[in-house]
Amino acid sequence: MFRLMLKMAWKNSFARPARTVLLIIMIAVSMSMMLGIQGLYDGMALNIADKNKRSDSGDVSIFAQEYRINKDIKFRIKNALEIKKELQAMNGVKAVALRINADGLASTARKSSFAQIRGIDLAEEELFGKFSAFLKEGEIRLDKKSAIIGIELAKTLKVGIGSKVIFSTQDTRGEINSVALKISAVIQTTNIILDSSTVFVDLKKLRTFLGLKKEEATQISVMCEDQAVIEDLKIKYQALDVKSFFELQPMMQMMEEMMLIFNSITFFIVMSVVFVGIFGVMYVSVLDRIREFGIMLGIGMQYRYIRMQIFLEAIFIGAIGYIGGALIGLFLLMYLREYGLDFSSFADALEMWGYEAVIYGTIKVSYFTTTFLAIISASVLSVLIPLRKIKKLNPIEVIKADK
Amino acid sequence: MFSFALKNILFYKGRSLTTFVLTFVSTLLFVVYVSMMDGSHKSMLQNAIKIYTGAIEIYHKDYRDIGGNEYLIQDTSAILKKISQIEGVEAYTSRYETFGLLSSKNNSAASMVAGIEPEKEKSLSSISEALTEGEFLTEKSGNCIYMGVELVKKLKVKLADEVAFIGAASDNSFAADIFRVCGIFKTGSFEFDLSTSFLSRDYFDTLMLSKNKASYITIKVDDLEHVEAVNEKIARVLDDNLESLTWKTLMKTMVEAMEVDSIFGYISLALFLVVIFFVIMIYGFINVSSRIKEFGVLRCVGISNSNIFSLLFYEIFILSTLAIAVAAPIGGYICYYYSINPIVIEGIAEMYKDYGIISDEIPFDFSVFTLAWNILLIYVLNFLSILYPYFYINSFRPIEASRHV
Amino acid sequence: MKYFLALFVTFTLLAADEAHEIIKKLDENMRGESIYMSLSMKILSMKHLREMRLESYSQGTKKSFVKILYPPKDRGITFLSLENQMWQYVPKIERVIKIPPSMMLQNWMGSNITNDDMVRQSSIVEDYEPKIIQKSGTVVTIELTPKEDAAVVWGKIITNIDTATYTSNKDIFYDDEGKEVRVFLYEKVKKFGKYYIPTYWKIQPSDKEDSYTEILIDEVQYDSGISQEYFKKSALKRFSR
Numbered sequence: 000m001f002r003l004m005l006k007m008a009w010k011n012s013f014a015r016p017a018r019t020v021l022l023i024i025m026i027a028v029s030m031s032m033m034l035g036i037q038g039l040y041d042g043m044a045l046n047i048a049d050k051n052k053r054s055d056s057g058d059v060s061i062f063a064q065e066y067r068i069n070k071d072i073k074f075r076i077k078n079a080l081e082i083k084k085e086l087q088a089m090n091g092v093k094a095v096a097l098r099i100n101a102d103g104l105a106s107t108a109r110k111s112s113f114a115q116i117r118g119i120d121l122a123e124e125e126l127f128g129k130f131s132a133f134l135k136e137g138e139i140r141l142d143k144k145s146a147i148i149g150i151e152l153a154k155t156l157k158v159g160i161g162s163k164v165i166f167s168t169q170d171t172r173g174e175i176n177s178v179a180l181k182i183s184a185v186i187q188t189t190n191i192i193l194d195s196s197t198v199f200v201d202l203k204k205l206r207t208f209l210g211l212k213k214e215e216a217t218q219i220s221v222m223c224e225d226q227a228v229i230e231d232l233k234i235k236y237q238a239l240d241v242k243s244f245f246e247l248q249p250m251m252q253m254m255e256e257m258m259l260i261f262n263s264i265t266f267f268i269v270m271s272v273v274f275v276g277i278f279g280v281m282y283v284s285v286l287d288r289i290r291e292f293g294i295m296l297g298i299g300m301q302y303r304y305i306r307m308q309i310f311l312e313a314i315f316i317g318a319i320g321y322i323g324g325a326l327i328g329l330f331l332l333m334y335l336r337e338y339g340l341d342f343s344s345f346a347d348a349l350e351m352w353g354y355e356a357v358i359y360g361t362i363k364v365s366y367f368t369t370t371f372l373a374i375i376s377a378s379v380l381s382v383l384i385p386l387r388k389i390k391k392l393n394p395i396e397v398i399k400a401d402k
Numbered sequence: 000m001f002s003f004a005l006k007n008i009l010f011y012k013g014r015s016l017t018t019f020v021l022t023f024v025s026t027l028l029f030v031v032y033v034s035m036m037d038g039s040h041k042s043m044l045q046n047a048i049k050i051y052t053g054a055i056e057i058y059h060k061d062y063r064d065i066g067g068n069e070y071l072i073q074d075t076s077a078i079l080k081k082i083s084q085i086e087g088v089e090a091y092t093s094r095y096e097t098f099g100l101l102s103s104k105n106n107s108a109a110s111m112v113a114g115i116e117p118e119k120e121k122s123l124s125s126i127s128e129a130l131t132e133g134e135f136l137t138e139k140s141g142n143c144i145y146m147g148v149e150l151v152k153k154l155k156v157k158l159a160d161e162v163a164f165i166g167a168a169s170d171n172s173f174a175a176d177i178f179r180v181c182g183i184f185k186t187g188s189f190e191f192d193l194s195t196s197f198l199s200r201d202y203f204d205t206l207m208l209s210k211n212k213a214s215y216i217t218i219k220v221d222d223l224e225h226v227e228a229v230n231e232k233i234a235r236v237l238d239d240n241l242e243s244l245t246w247k248t249l250m251k252t253m254v255e256a257m258e259v260d261s262i263f264g265y266i267s268l269a270l271f272l273v274v275i276f277f278v279i280m281i282y283g284f285i286n287v288s289s290r291i292k293e294f295g296v297l298r299c300v301g302i303s304n305s306n307i308f309s310l311l312f313y314e315i316f317i318l319s320t321l322a323i324a325v326a327a328p329i330g331g332y333i334c335y336y337y338s339i340n341p342i343v344i345e346g347i348a349e350m351y352k353d354y355g356i357i358s359d360e361i362p363f364d365f366s367v368f369t370l371a372w373n374i375l376l377i378y379v380l381n382f383l384s385i386l387y388p389y390f391y392i393n394s395f396r397p398i399e400a401s402r403h404v
Numbered sequence: 000m001k002y003f004l005a006l007f008v009t010f011t012l013l014a015a016d017e018a019h020e021i022i023k024k025l026d027e028n029m030r031g032e033s034i035y036m037s038l039s040m041k042i043l044s045m046k047h048l049r050e051m052r053l054e055s056y057s058q059g060t061k062k063s064f065v066k067i068l069y070p071p072k073d074r075g076i077t078f079l080s081l082e083n084q085m086w087q088y089v090p091k092i093e094r095v096i097k098i099p100p101s102m103m104l105q106n107w108m109g110s111n112i113t114n115d116d117m118v119r120q121s122s123i124v125e126d127y128e129p130k131i132i133q134k135s136g137t138v139v140t141i142e143l144t145p146k147e148d149a150a151v152v153w154g155k156i157i158t159n160i161d162t163a164t165y166t167s168n169k170d171i172f173y174d175d176e177g178k179e180v181r182v183f184l185y186e187k188v189k190k191f192g193k194y195y196i197p198t199y200w201k202i203q204p205s206d207k208e209d210s211y212t213e214i215l216i217d218e219v220q221y222d223s224g225i226s227q228e229y230f231k232k233s234a235l236k237r238f239s240r
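Residue numbers (numbering that gives the first Met the number 0), protein chains in the order written: chain A, 0 to 402; chain B, 0 to 404; chain C, 0 to 240.
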């Protein structure tokens, strides 16, 4: 019996092929467009957060109290090395990076600019955030003299690979020292501070230069597998300033929330319109065949079979539309993930906001599962009213009526 | 045909109602969404202009790129005189900006110190309204310095404290003085509040030897819409070594950011409109396909294709017009209302302060032009939606159609 | 062959030594053990000529004290630099201000000299590797290339030194890419005791024709035993008057 129902539902779905196809196209097109937009927006938000985390703060960063306000190496973490070891031994901690930051002046023979020097351990940064992926030009390497420079700072100073930059800053004794650096690489992180004002040098080298001890650092950043670790760290290191990514970047949280709200609204509107579409088609399709149903009821077919058949019809159409939409959507998303949307003509503005000039999409499984549920429920819901019409039928009257 | 269309509309109530509702919803959504988007962009820019940047600013060429005393405007008063005669200019003032070192007892910070004309500045920028403590400058306020709140924190000073200033005067000679903190401001832009302070030009010019010189002249226009025209007039009276730029150039990144935001807004809107378009088309199609027999008969009795097209056209035209006639005034009113009474979202300014957004208000933009093109687009979409149904009917031969079940 | 090679090596070593020797002598002439100078400066910029006079006391490479005598508006402003740090005293505001590193690299009072030049002018011996590139008569042209670790902005400096007096008559400063940035010209060499010093200097930035700085040295005293009092922070106020 059920197989027969399936067959009938399938046949009936295409009894009027034009409108069914139209409906399927509608579902497919609107769904794929929606997926594309969601992927793009999420991609934007994810990308900016991801790059910020990888290039700088991780999921959580630890500073000495007052450091973030005064930006002075006076406020440094004295036992950073020890903390790093503790962190590495903790469950849920993926990677730890130590950093030393100092403000000063970067200069060439012709220009000088306020800048920040940051000591990093390349191997550590690679594990922490795949630092080499930020490379724009040159070669990521930090030996004795070399330095990596943010792309905007390179533009300001008008320097390129192989150029010499002198960096001057105060050491721990308050004395001004200068160091000659040779640019080995230009990077772009889309993290505004890093891109526009940072020179990266080897951690050990900067430590010696500034007169810091081996155990000291100004910032410890942690990548976690488990967000619960953040709370643990706050409790464990109360004497220090422990801040999560969202606390350091409240903008990001706000942005993610706004994206979520926006995507939900879009989803809701699109799905309700899709519902109206399916409803219209199913309603008319039931009315068209009202005589048919009357006869079926008349010859003793149970109402529940008819109900089942109509449900199946609606689900068929919904599912085919969904499959079409999922395929086109997947294709669109893959394209967006691979090639992105090119906004190069607005590069300046996007970079100011921390975006890349080419915006890439992302793909989440949840896009497909939630849309599937929504479309199937829209299909099922859309036939409820037509079904009530059938239920109220008086078979005899329907057959008699010749219309 | 018209009255026939009207009858059809009344007869096929379901389709008519759905089309009406959908058109209504899409028009309303479209109008309100665009208005909100444009409005918030405009207000962001206007706020940004209000803080400090003028609608038009006049510079000595290369001042913006290279800077320094070599590129100061020299005979400021003569230029100001010329500008005062230009129509469309509402207010103008000159500013003298320099970078110097400000130090309190224990702290020092590099700051941009600007000599301004306090009275004129009030009508040109909102720095006087950004006052949080003490008072704004006056022409006669002497060595009073009006300082950004973040800079105050950095120097660890309070009202009435002294700060020492050293820097280079306009002839590059040495300049040093003691200023007194008389007022503290907060614009909300962190960078600006951290790096800027003001003095009355009267006093500052004597110290900096900058009488009748200026870093630039900033101008407010009567109507921002006409800024280009005013700018052209100004450019015509200026010497070759000066340039006059509008806010569109001065705040290029911000303008671009707004454009990108608009592009995304329109992408989302396109999604809604496409979905709604499909639904309207499907309803039109279902309606038409249930009337194939009717159309067949009509054509059998000699009614031409173009008549059938105009029948469909009239139907959709009447429905769209009705829907739009209801939606447009409502949408228009919503836009108009919120353009006067902006939506307030607490905390937005705080969140976005780094981007120079200083207001919690999201005003809408009310523009008849925008309203008109939005409505036109809905019309066009609705008309497009009858094309497929029309071709569908035409694919039947009249006899065949009249027998269609 | 071996003999020839040995000769060649000795010769180049000697040449390198010679270059070092010349630079060292030049540096001694410019500095002595301690030096007092009274000088006037003319600065042309923006078609506007400014004049100032100042006194400078310095000892070795790490200590120097400068006092402005003219114009009257700036009279009494003093600068002290010790070990790469710099302070300034302004009598008008009666404050001693520590100059942050960022300000130290800006042009000094609109001249074509940076504060950094004043503070670190010393490093010519320590920071550069000299090489003789030309000799004509007593004038030797030496190319100074910064040493590996030297924190200097210049790509190289080419200096023409007259070995009769061990004074330079022209220094050309190049940037990293080998482009000329500025030129120092020296004239009017005078003898003070055992030292020679040019008493007229002109600094010309290469990309700005209408701007230059001239320095005229009015008085020089070498090794006159400058009091250590000048190199204390208290000197800023004390010797301002």
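Just so it is clear, CB atoms sit at the ideal spot from N, CA and C, and this is done for glycine as well.
Under the Cβ distance rule, Glu69(B) counts among the residues neighbouring chain C, one pair being separated by less than 9 Å. Identification of chain C residues near Arg117(A) by a Cβ-Cβ cut-off of 8 Å yields none; the smallest Cβ-Cβ distance measures about 17 Å. The stretch 75 to 84 of chain A makes no contact with the stretch 37 to 55 of chain A; the number of CB pairs closer than 8 Å stays below 3.
Within its own chain, the residues whose Cβ lies closer than 7 Å to the Cβ of Val241(A), once the five positions on either side in sequence are excluded, are Val59, Ile61, Leu232, Lys233, listed in chain order.
Residue pairing from DSSP places Ile115(B) in a beta bridge opposite Ser199(B).
Secondary structure in the stretch 78 to 143 of chain B: the alpha helix (DSSP H) runs of 4 residues or longer, each lying completely within the stretch, are 117 to 123 in chain order.
With a 10 Å radius around the Cβ and a threshold of 16 neighbouring Cβ atoms, Leu9(B) comes out exposed. Sequence-distant partners of Leu71(B) (beyond 5 residues in either direction) whose C-beta falls short of 7 Å from its own C-beta, in its chain, are His59, Ser169, Lys212, Ala213, Ser214. Taken through DSSP and simplified to helix, strand or coil, Tyr195(C) comes out as strand. The Cβ atoms of Gly128(A) and Ala114(A) do not sit closer than 9 Å to each other.
Using a 10 angstroms sphere on the CB of Thr370(A), the tally of other CB atoms reaches 16 or more, which defines it as buried. In this structure the stretch 78 to 87 of chain B does not lie against the stretch 247 to 257 of chain B, because fewer than three pairs of beta carbons, one per stretch, are closer than 8 Å. For Gly118(A), the closest of Lys50(A), Thr207(A), Lys52(A) by C-alpha to C-alpha distance is Thr207(A). Contact between Gly57(A) and Val273(A) does not hold, since the beta-carbon distance rounds to 41 Å and is not under 8 Å.
Just measuring C-alpha positions, the residue of Ser31(A), Leu372(A), Asn51(A), Leu5(A) sitting nearest Leu332(A) is Ser31(A). Tyr389(B) sits in a helix when the DSSP states are folded into three classes. Residue ranges of uninterrupted beta strand (DSSP E) with 3 or more members, entirely inside the stretch 49 to 87 of chain A and ordered along the chain, are 59 to 62. Here the stretch 61 to 78 of chain B makes no contact with the stretch 149 to 160 of chain B; the two share fewer than three CB pairs at distances below 8 Å.
For Pro385(A), DSSP records no beta bridge to any residue. In this structure, the straight-line span from the alpha carbon of Thr97(B) to that of Phe197(B) is close to 10 Å. Put simply, the stretch 314 to 323 of chain A does not touch the stretch 333 to 347 of chain A. Fewer than three CB pairs are less than 8 Å apart. Chain A places no beta carbon closer than 9 Å to that of Gln203(C), leaving this residue out of the contacts. Taking the C-beta atoms as reference points, Ile165(B) is found no nearer than 9 Å to Tyr145(B). Neighbours of Ser102(B) across chain C, judged by C-beta separation under 9 Å: Arg94, Ile96, Lys97. The beta carbon of Trp86(C) does not come within 9 Å of any beta carbon belonging to chain A, so the residue lies off that interface. Here Val379(B) is exposed: its Cβ has fewer than 16 other Cβ atoms, across all protein chains shown, within 10 Å. Linking Asn105(B) to Gly99(B) through their CA atoms gives a straight-line distance of about 17 Å. By alpha-carbon distance to Met35(B), the top candidate from Phe276(B), Ile315(B), Gly264(B) is Gly264(B).
The beta carbon of Gly91(A) sits closer than 6 Å to the beta carbons of Cys223, Glu224, Asp225, Val228 from its chain, once the five residues preceding and following it are set aside; these are given in chain order.
A residue is called buried when at least 16 other Cβ atoms come within 10 angstroms of its Cβ; Lys49(B) meets this threshold and is buried.
Straight across, the Cα-Cα distance linking Glu136(A) with Gln187(A) is about 9 Å. In this structure, Asn171(B) sits near Asn68(B), with a CB-CB distance shorter than 9 Å.
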